[in-house]
Amino acid sequence: MLNHPLVFVERLTEHDLEVLVSLDAAPGSTEELRRLLRKDPEKIEVLLADPRLYELIFETPETGMIAGLSPLLAFAILVQKTMSDLSSASYVAEWVGAGARLPVFDVDSLREFIDDITRRYLITEFLSSFTRVASGSVWVKTARGYRRRRYSELDPVGLAEMVESLPAGRRAAGYRRLGDVALFHTGVFPDHTARNPLSAMSQTRLATFAGVELEELVGADYLRFLEKVGSVYYDRAANEQSVPSQVHRTLEDMSVNFTTARRFLNYLADRYLHHHDTGLMNPVG
8 MLNHPLVFVE
18 RLTEHDLEVL
28 VSLDAAPGST
38 EELRRLLRKD
48 PEKIEVLLAD
58 PRLYELIFET
68 PETGMIAGLS
78 PLLAFAILVQ
88 KTMSDLSSAS
98 YVAEWVGAGA
108 RLPVFDVDSL
118 REFIDDITRR
128 YLITEFLSSF
138 TRVASGSVWV
148 KTARGYRRRR
158 YSELDPVGLA
168 EMVESLPAGR
178 RAAGYRRLGD
188 VALFHTGVFP
198 DHTARNPLSA
208 MSQTRLATFA
218 GVELEELVGA
228 DYLRFLEKVG
238 SVYYDRAANE
248 QSVPSQVHRT
258 LEDMSVNFTT
268 ARRFLNYLAD
278 RYLHHHDTGL
288 MNPVG
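Numbering (the working numbering), first residue to last: 8 to 292.
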């Protein structure tokens, strides 16, 4: 889990370092930059926050710098750019329904959320992890014996079935991924998710797997349902006995702040992934 700048630095590719070296603020070679960042890993924050880096990668395509860039660095740049936008935003275009946004002046909670360095790296790792989606098949014990079931981690019901079939001591990573999947659906693709909800039967099964009382969700729309389920799964992952204390704190924080994380991702995705026209004036500045 990315919970420290040094872990992030060690996962940068050679091309990532070449891109960073192209900034005047970086040393003259990738080897020198790697040594500098290993000695003082928090200097990566200075490089990621440099506005020239965003311009180089996303606004000057003729340089070809984005080709070969790792998803990890690309999303780290977008997270930093979004944090910079929020620092001067007077309001955000808040998701209120499929294709609908309204101005909301609660920007401080988003600033506070992403100002935490651990959360920044967690959100960066989260986004990067969905550039490749795991799928396959597993053997599941049923009343009629073992049967092969296919799964995709983007299918929360199928993923939950697979995780629940694992031995108790091996479920922590699966619970965390279920939290991630709920956050991905609600944070990155809220419009598509709202328009394509799970069936009532599938929602009931997912709520049962999560141990959520259905009475708590009466009247809730599909995104609020996924928020509740996602928060529960992050909490279950945090409280697995096999989880180290630092990871426990990070996952517990995501459980408590699930809605704020979703709102931050909505803002980032609208502006930089989908380029969604909210119909509102630019809230930055």
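Even for Gly, the Cβ is constructed at its ideal location relative to N, Cα and C.
Under the three-state reduction of DSSP, GLY104 is assigned to strand. Distance from the CA atom of GLY181 to the CA atom of GLU101, rounded to whole angstroms, is 30 angstroms. Annotation for ALA180: the continuous alpha helix (DSSP H) segment containing it runs 179 to 194. In the three-state scheme derived from DSSP, where H, G and I count as helix and E and B as strand, PRO48 is classed as coil. Between ALA167 and LEU213 a beta carbon distance of about 6 angstroms is seen, short of the 8 angstroms cut, so the two are scored as contacting. Counting only the Cα atoms, SER36 lies some 45 angstroms from VAL170.
At the C-beta level, ALA105 and ARG42 stay beyond 7 angstroms of one another.
Sorting SER29, ARG59 and MET261 by C-alpha distance to the C-alpha of ARG127 places MET261 at the top. The Cβ atoms of VAL26 and ILE51 lie no closer than 7 angstroms to each other. For TYR241, the enclosing alpha helix (DSSP H) starts and ends at 229 to 245. The alpha-carbon of ALA74 is positioned some 37 angstroms away from that of VAL263.
The residues PHE120, ARG126, ILE130, LEU190, GLY194 and MET261, in chain order, have a CB closer than 8 angstroms to that of ALA268 in the same chain once the five nearest residues on each side in sequence are set aside. In the displayed model, SER159 falls within a strand according to three-state DSSP.
When DSSP states are grouped into helix, strand and coil, ARG154 belongs to the strand group. No residue range can be given for LEU9, since it is assigned to no alpha helix (DSSP H) and is classified by DSSP as neither H nor E. Straight through space, the alpha carbons of ASP47 and VAL103 are spaced by roughly 42 angstroms. Counted as a single uninterrupted DSSP element, the alpha helix (DSSP H) harbouring LEU117 occupies residues 115 to 122. At the C-beta level, SER77 and ASP23 come within 7 angstroms of one another. Nearest to VAL164 by C-alpha distance, out of ARG108, TYR98, LEU233 and ILE124, is LEU233.
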